[in-house]
Structure formats: C-alpha cells, structure tokens
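A.B. asks: Pasting a structure here, questions to come.
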Ligand code: ADP
Ligand code: MG
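Residue numbers (the working numbering): 61 to 797.
Right, dumping it as structure tokens:
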C-alpha cells in the first residue's frame with residue numbers, strides 16, 4: 061500500500077512542483093514574498109506563528125494533523141528529488157526527472173492555439189524548451205532572456221523538441237551551491253508549500269525528544285533506533301540512492317512501521333483489558349425459555365453454522381466475570397456471514413435469550429427499508445410469544461414516536477428496532493441488555509460513537525454495560541482482524557441455508573442493453589421479479605435521481621405490460637415502503653432503484669438483477685447487491701452492464717465478480733484494491749488508519765508489535781502510554797466505537 065491509504069490519497073497531493081494555482085493562492089493572501097524556494101536558501105521561520113492570526117501554511121499544518129514537533133517528525137517523505145547534481149541538457153532522456161542549469165535564450169507568449177509561455181534554455185551542450193500553460197506576468201520577468209536558471213522537472217519529447225512542462229526554476233549565479241543531500245518531497249496540500257513544510261520538519265526534528273521508549277530487551281532485533289531511522293529518512297546521506305530509500309523493506313522503514321503498529325496494538329490491547337474490567341448482565345439459556353419457543357415457530361431448521369454461532373454468542377453472554385459469578389463481561393462480537401447466510405434469525409434467537417430475562421434489546425439497521433423488513437420479520441416471530449416490539453426511525457415523529465419512547469423508557473417494549481434513530485439522545489432504555497447492529501460497516505464514525513455513548517448511558521442506568529453484537533456480510537480479512545479489529549471477537553456463518561442456487565454472473569457492455577431488456581421481458585413473462593440498479597455518480601443524489609428516472613422511463617416504454625416501480629433516496633419513507641410492499645408481495649415485476657436496496661432486502665422471488673455501470677461500484681458493494689437475488693429456489697442471474705471504454709483494472713474487477721461468489725475472497729480483493737480505510741467505513745474521517753505499515757506485507761511486524769504491546773502493558777504501563785502519546789495521530793480510537 062502506498063504512503064497514504066485510499067482515504068488519504070484523494071486529499072493529499074504532492075505539490076512539490078510549484079504550480080501557479082498554489083502560487084496565486086498564497087499571493088492573494090500576501091504570503092508569497094520571502095517564501096524560500098529551496099531549503100538551502102530558506103530564511104523564513106515557519107514555526108513561530110503570530111499568536112493571534114495563524115498564517116495560511118500554519119493552518120494547513122494543523123489541518124494535516126501536524127501540530128506537535130513529533131507529528132512533524134513522523135511526517136515522512138513520499139519520495140526524494142536529487143538536487144545534488146546538474147545534468148547536461150544533451151544527456152537528458154525522456155521521462156527523466158532531472159535538474160539542469162543554463163541561460164534563457166528567449167522567452168515568448170505563443171498566442172496561436174492554446175495561449176502559453178515558451179522559453180528556451182541553453183547550456184554548453186544543447187537547448188531545452190520550458191513550457192507554461194498557466195503563467196503570470198512575473199514569469200515573463202523571471203524567464204527573461206539572459207537569466208541564469210537552475211531548472212528541474214520531467215523531461216519529455218514535445219512538439220517544440222525536448223521540453224519540460226511547468227518545471228520549477230530559480231535564478232542562480234555561478235557560485236550558487238548545489239544541495240548537499242537528497243531533497244525530501246512530503247505529502248502536502250495546495251495551501252502548504254514544500255519549502256515551508258521542509259523547514260518546519262527540519263526544525264521540529266532538531267527539537268523533538270526521540271528517546272527510545274521500548275526497552276532494549278523487548279525491541280525486536282535488527283531494528284535501528286527511531287532517531288537514527290527518522291534522520292535517515294528525512295535527510296538521507298547524498299550517496300544513498302532515492303530508490304533504496306523508497307523501498308519500505310529497509311530497516312529505517314521497518315522501524316517506523318513497527319512503532320506505528322506498536323501504538324496501534326497497545327490501543328487495541330488496552331481496549332480489551334478495559335472491557336474485561338467492566339460488568340454486564342449475565343444470561344444463560346434456560347429450559348423452556350423464549351428461545352425454545354421461538355425455534356419450533358420458525359419455518360425452517362437452523363443450519364449447523366447458525367447453531368454454532370448461536371452457541372458462541374451464548375457462551376459470551378453466559379460467561380462469568382472473574383470474582384463475580386453473578387455477572388458477565390460485555391460481549392464485543394462481530395457476526396460475519398455471507399449475504400443470505402441467515403444472520404437475522406441468529407439475532408432474533410440471541411435477543412430472545414436476553415429478553416426472556418426481562419432485559420431489553422436494540423436492533424439497529426442502516427436504512428429504513430432494512431429496519432422495516434427486520435421489524436416485520438421480528439414482529440411475526442416474537443409478538444406471538446408475548447414480546448412487545450417498538451419501532452423507531454427518523455420518519456416516525458410526533459405522538460407515535462412519543463408513545464414508542466415511553467414504552468422503551470418504561471421497559472414495556474423489550475425489543476426496539478429501527479435505524480440510527482434508536483440511539484438518539486431522547487431514547488432512554490430502562491434496561492438495555494444487548495445492542496445488535498446490522499450491516500455494521502455501513503454505519504459512519506459519528507454513528508458508532510453515538511452508539512458507544514448509548515451503551516455507556518445504559519450502563520449508567522443499570523450499573524451494567526450492555527453486550528454488543530455487530531453483524532456484517534462483508535467479512536473482515538484476517539489481516540485486518542488481527543490489527544485494526546484486535547479487540548473484537550469474531551463468529552462466522554460459513555454456510556448458506558440449503559436449497560440456494562448459485563447466482564450466475566454475466567458481464568455485458570452497455571451496447572448490449574437491448575438484449576438485456578429482452579431477457580427481462582422473458583423473465584417477467586415467466587412470473588419472475590427483476591431488480592435494475594442504477595449507479596451512484598459522484599455521490600450526487602440529484603444526478604442519481606435523473607439517471608434512475610430516465611432508466612425507469614426507458615424500461616416502461618420497452619415493457620409496456622409490466623408493472624415497474626422506482627425507488628430512490630429522495631423519496632419519503634412512506635413512498636419507499638409502499639413501493640417495497642408492492643415488490644415484496646409480487647405485484648410489481650420490475651424495480652428500478654438507486655443503491656438504496658443494497659443492504660439486506662429480502663425478496664426470494666426476485667431472480668434477475670441488472671446492475672448498470674457496474675464498473676463504478678466497489679466489489680463488496682456489487683457482492684451485496686448481487687446477494688439480493690438467488691434467495692429462492694430458482695436459478696438466478698446477475699447482469700453487470702459496463703460503459704466502454706473499460707480500464708484494465710475495471711475489467712479485472714468485473715471478472716473477479718463473475719469468477720467468485722465467495723464473500724471472503726471478494727473482501728480480500730476489495731481490500732487489495734481499495735485499502736483498509738474504505739473498508740472500515742472511515743471515509744468521512746479523512747484520516748489514514750495506518751500510514752506506514754502495510755497489512756498485507758507486514759504480518760511479521762504485526763505479530764511482533766502485538767507481543768511487545770502486551771509486554772509493555774504488563775510490565776511498563778507508563779511506557780505504553782508514552783508510545784501512544786507519541787503516535788496519537790494513529791487515530792485508532794474511533795474503531796473502538
Ligand atoms: P443475511 O445473513 O444476509 O442477513 P437473512 O437473515 O436476511 O440473511 O436470511 C436470508 C433468507 O434466508 C431469509 O429469507 C431467511 O428467512 C432465510 N433463512 C435463514 N436461515 C435459514 C435456514 N436455516 N434455512 C432456510 N432459510 C433460512
Ligand atoms: Mg441481513
């Protein structure tokens with residue numbers, strides 16, 4: 061994985077090349093003058109902002125989380141530039157990134173075609189064109205004929221001969237010295253010039269205390285000291301080659317990765333230890349309990365995998381806390397099972413166990429459609445057994461909501477089902493024993509944190525912390541389970557209920573749309589039901605809607621006899637529920653939808669799904685969508701339509717979908733493609749979870765860091781705290797939520 065995970069990459073740009081966009085921005089703020097062009101001549105002091113108004117670069121530093129000296133010291137170069145040498149123009153090769161020095165021969169604004177500035181630089185060996193598509197009047201002055209310049213950029217063969225487009229340049233004299241070491245290029249953004257960042261980091265590196273925290277006898281052998289490693293990576297010796305430095309398997313990098321992983325493993329181990337000290341109500345399955353009544357009422361037999369996970373969860377709930385046999389330790393368990401593996405019924409049976417002893421359960425789903433579907437199913441199963449089920453969503457307001465809240469507060473409603481409305485501030489549980497989160501990876505960081513608050517809340521009322529069961533169809537790959545989710549116990553349903561037929565996945569270009577529509581016509585004529593899923597375009601609901609509406613109209617014209625519905629995020633929940641009801645009951649043949657149907661919807665008669673612009677979806681998302689079909693006995697088909705031209709990775713991804721229906725395999729490939737950030741639903745945070753370590757490559761370091769983390773917590777808790785403080789920007793904290 062590159063320096064920043066998928067989340068960081070989109071925001072952090074390498075702005076090493078001096079681009080007019082940045083220049084103009086800082087100019088507007090009057091910051092540009094006096095800005096050093098290279099560290100050698102740097103003379104401004106970036107580290108002492110005025111107390112009242114922070115400078116723009118200072119604010120940019122804060123924004124990147126670089127507030128403390130140690131944060132700056134741990135901000136490592138993306139790559140290096142070699143400014144220690146000047147290359148003769150004649151020796152330049154296309155594609156080289158190089159530095160040359162020469163005198164401007166002439167400089168002109170070309171007006172034909174695209175307006176641009178073209179200067180010709182000559183040294184004793186030859187001539188190089190410098191081309192600027194964006195430029196300012198100051199460029200004309202700085203690039204005037206006769207100016208002696210040192211220029212660096214990427215060489216390419218252009219229309220005007222060999223050239224550099226938007227190179228960086230500065231005027232020099234015969235005596236201007238060359239850089240003595242490789243120049244680091246840091247991840248930055250447009251508001252933070254490289255030169256400023258370099259100076260800030262160099263200053264911080266001199267001041268910061270980098271004393272070793274981990275005692276010698278615990279540090280894995282072969283790792284250099286942190287101080288030495290940082291020195292080497294920030295300011296490599298001139299003879300070291302950049303490619304060697306960029307190779308992250310070398311010792312200095314290994315040391316950084318180890319330290320990062322160590323902080324992260326300490327935080328996980330700490331969370332687990334803290335939990336072990338907490339108390340939760342203890343529940344044991346009783347003969348003749350609710351669970352025993354519910355089982356015979358189900359229309360099917362549980363699969364062996366379902367029985368096994370129920371036992372695993374049951375063992376957690378029945379575990380006796382050390383020194384307090386009456387109580388238990390809060391469960392923190394993830395139930396993972398592929399789409400359609402039957403997690404809902406497991407949740408219901410576990411809830412029954414808790415409710416049988418008079419404690420409440422909350423079941424939370426990410427969308428209203430899904431929450432409603434759960435509600436129906438659970439009401440059907442549990443109300444006959446005398447359990448009152450309450451229903452809370454964002455669209456439930458006024459009197460009904462008030463009544464529900466009262467039933468929850470009094471403890472009359474033993475089961476509360478809903479969206480994140482279940483964890484709003486005004487919801488007070490009388491006796492919350494178990495919280496169940498369906499499709500947990502779909503919840504954002506903020507929601508996870510308010511859930512955390514609700515659990516703490518529950519503990520304040522009853523003196524006991526509720527148990528937590530999370531469910532997900534997107535399995536956590538082993539590497540992630542060992543690192544970022546080390547505080548989580550995992551149960552896996554590794555088997556589908558009998559009688560499912562695998563879904564056949566076909567890939568067509570959008571040019572075959574007509575043929576696909578004919579297939580739909582046949583399916584509908586056979587009494588089968590069809591989903592047509594429209595893509596998400598740049599997260600704009602508005603465009604999504606236009607798109608879905610247009611497709612809906614097109615399909616209505618092509619299939620005049622079929623009843624066709626439309627479902628999208630802008631509809632009120634009442635409207636959505638009405639459409640879903642028609643589709644679930646089989647009255648509607650074809651449902652055109654944006655991705656609102658993605659999670660959990662269960663209509664067994666639906667056996668054909670078309671996904672438009674499949675290339676725009678993530679693999680896990682496609683897998684979830686595809687899981688909506690193949691739920692009944694009929695052979696099901698999923699058609700992935702893609703727009704041409706399709707990139708090679710796009711092709712590979714769609715092919716992966718056709719090749720495997722195994723959610724684990726898909727999750728693994730998804731992780732490879734997108735990095736863990738996306739996976740964790742941590743997108744919003746914009747903070748990379750691990751900056752240096754690569755979960756796929758650094759297994760051994762993970763294991764070492766884990767061992768050292770436990771040793772520190774056991775023997776040197778103060779050192780563990782110091783390590784966490786040093787790396788506080790690792791931000792693993794919200795994963796605990
Ligand atoms: P998911 O794990 O994706 O949430 P669901 O809980 O929605 O799956 O279950 C999918 C479908 O399988 C539902 O219609 C459910 O009633 C049914 N189901 C669950 N368990 C079994 C089983 N043991 N045998 C047959 N059908 C089952
Ligand atoms: Mg489900």
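In this text, a Cβ means the ideal position worked out from N, Cα and C, and glycines have one as well.
#1: Go ahead and pull the three-state DSSP assignment for residue 140.
#2: For residue 473, which residues from the same chain have a beta carbon less than 6 Å from its beta carbon, with the 5 sequence-adjacent residues on both sides left out?
#3: Between which residues of its own chain and residue 650 is the CB-CB distance below 6 Å, once the five residues before and five after are set aside?
#4: Would you kindly work out how many angstroms separate the C-alpha atoms of residue 572 and residue 193, rounded to a whole number?
#5: What is the rounded straight-line gap between the Cα of residue 728 and the Cα of residue 460?
#6: Report the three-state DSSP secondary structure of residue 196 (helix, strand or coil).
#7: Once the 5 residues before and after residue 306 are set aside, which same chain residues still bring their CB inside 7 Å of it?
#8: Buried or exposed: which applies to residue 704, given that a residue is buried once 16 or more other Cβ atoms fall within 10 Å of its Cβ?
#9: Just verifying my parser: in three-state terms, what is the DSSP assignment at residue 256?
#10: Are the CB atoms of residue 417 and residue 524 nearer to each other than 8 Å?
#11: Going by the DSSP bridge assignment, what does residue 751 pair with across the sheet?
#12: Return helix, strand or coil for residue 644, following the three-state DSSP convention.
#13: Do the CB positions of residue 717 and residue 685 come within less than 8 Å of each other?
#14: Can you name, in chain order, every residue of its own chain whose Cβ lies under 7 Å from the Cβ of residue 286, other than the five neighbours on each side?
#15: Give me the Cβ distance between residue 608 and residue 661, rounded to the nearest whole Å; I'm assuming they're in contact under 8 Å.
#16: Regarding residue 667 and ligand 1, is the C-beta to nearest heavy atom distance less than 7 Å?
#17: Judging by CA-CA distance, which residue of 559, 646 and 564 is the nearest neighbour of residue 584?
#18: Helix, strand or coil: which one does DSSP assign to residue 880?
#19: In terms of alpha-carbon separation, which member of 513, 693, 254 and 730 lies closest to residue 712?
#20: Using 8 Å as the cut-off, can you tell me whether the region 228 to 244 makes contact with the region 202 to 213, which would need three or more C-beta pairs spanning the two stretches below that distance?
#21: Using a Cβ-based criterion (distance less than 7 Å to any ligand heavy atom), does residue 554 qualify as near ligand 2?
#22: Quick one: grab the DSSP three-state call for residue 290.
#23: Report the start-end ranges of each beta strand (DSSP E) in the region 553 to 620 that is 3 residues or longer and not cut off at the edges.
#24: Using the C-alpha atoms, what's the distance from residue 595 back to residue 836?
#25: Does the Cβ of residue 435 have 16 or more other Cβ atoms within 10 Å, making it buried, or fewer, making it exposed?
#26: My understanding is that residue 394 touches residue 532, with C-beta atoms under 8 Å, so please give their C-beta distance in whole angstroms.
#27: Which of helix, strand or coil does DSSP assign to residue 383?
#28: Closest by CA to residue 526, which one among 441, 576, 390 and 165?
#29: Just confirm the distance between the C-beta atoms of residue 215 and residue 179, as a whole number of angstroms; I'd bet it's less than 8 Å.
#30: In terms of residue numbering, what span does the beta strand (DSSP E) encompassing residue 420 cover?
#31: Residues in its own chain within less than 6 Å of residue 870 by CB, not counting five upstream and five downstream?
#32: Taking 7 Å as the cut-off, is the C-beta of residue 427 nearer than that to any heavy atom in ligand 2?
#33: Would residue 337 be called buried (16 or more neighbouring beta carbons within 10 Å of its own) or exposed?
#34: Check the DSSP bridge columns for residue 702 and list the partner residues they point to.
#35: Alpha carbon to alpha carbon, how far is residue 142 from residue 241? Give it in angstroms, no decimals.
#36: In angstroms, rounded to a whole number, what distance separates the CA positions of residue 494 and residue 392?
C.D. replies: Result, derived from the coordinates:
#1: strand
#2: 448, 450 and 467
#3: 590, 622 and 624
#4: 42 Å
#5: 44 Å
#6: coil
#7: 139
#8: exposed
#9: helix
#10: no
#11: According to DSSP, residue 751 bridges with nothing at all.
#12: helix
#13: no
#14: 270, 272, 315 and 319
#15: The Cβ separation is near 16 Å, so there is no contact.
#16: no
#17: 646
#18: This structure leaves residue 880 out entirely; the chain is present only between 61 and 797.
#19: 730
#20: yes
#21: no
#22: helix
#23: 564 to 569 and 589 to 593
#24: Because the chain is modelled from 61 through 797, residue 836 falls outside the range shown and cannot be assessed.
#25: buried
#26: 6 Å
#27: coil
#28: 390
#29: In fact, because the Cβ distance is near 15 Å, the residues do not count as touching under 8 Å.
#30: 420 to 424
#31: It is not possible to answer for residue 870, since the shown part of the chain is limited to 61 through 797.
#32: no
#33: exposed
#34: 569
#35: 8 Å
#36: 10 Å
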